[in-house]
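Peer 1: Mind having a look at this structure? Questions to follow.
In the UniProt record's numbering, the protein residues as written are 1 to 98.
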C-alpha cells in the first residue's frame, strides 16, 4: 500500500474520531448555553474563511472576478447557484484573462 493511502486513511479516522468525540461531549449536557450554541454555529463560516483567505491573498484577476460574482450571487441565491456562478466565472475568466 502506498503512503498516500495511509495518509488518507489516517485523515479519515482523525476526522471521524473528532466528530464522534464532539458529539459525545455535547450529548452529555441536557441544556446547551446559547453562547456555546452560537459559537458552534459560527464554526462552519470560520473554517470556510480559513480555506478561502490564503487563496484570495495570492489571487489574480480571474479569482477576484469569481469572488465578486460569488459574493453577489450569495446575496440572492442559494448555495448551489453561488457555487456554480463562481466556478463558471473562474473557468471563463481563466480562459480569457490568464
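For glycine and all other residues, C-beta sits at the position ideal for the given N, C-alpha and C.
Could you name the residues of the same chain whose beta carbon sits closer than 8 Å to that of residue 73, not counting the 5 residues immediately before and after it, in chain order?
Peer 2: The sequence position of residue 73 within the chain shown is 73, counting from 1. Within the same chain, residue 73 has close Cβ partners 81, 82, 85, 86.
Peer 1: Is it a yes or a no for the region 58-75 touching the region 88-95, going by three-plus beta-carbon pairs under 8 Å?
Peer 2: They touch, by the three-pair rule.
Peer 1: Quick one: Cα of residue 50 to Cα of residue 44, how far?
Peer 2: By one-based count along the chain shown, residue 50 stands at place 50. By one-based count along the chain shown, residue 44 stands at place 44. If you take the alpha carbons of residue 50 and residue 44, they lie about 10 Å apart.
Peer 1: What is the DSSP secondary structure of residue 7, counted as helix, strand or coil?
Peer 2: Taking the first residue of the chain shown as 1, we reach residue 7 at position 7. In this structure, residue 7 counts as helix in the three-state DSSP scheme.
Peer 1: Measuring CB to CB, does residue 56 end up less than 8 Å from residue 67?
Peer 2: Within the chain shown, the letter at position 56 stands for residue 56. Within the chain shown, the letter at position 67 stands for residue 67. Their beta carbons are under 8 Å apart, which means residue 56 touches residue 67 by this criterion.
Peer 1: Quick one: Cα of residue 12 to Cα of residue 19, how far?
Peer 2: Counted from its first residue, the chain shown places residue 12 at position 12. Counted from its first residue, the chain shown places residue 19 at position 19. Their Cα atoms are separated by approximately 11 Å.
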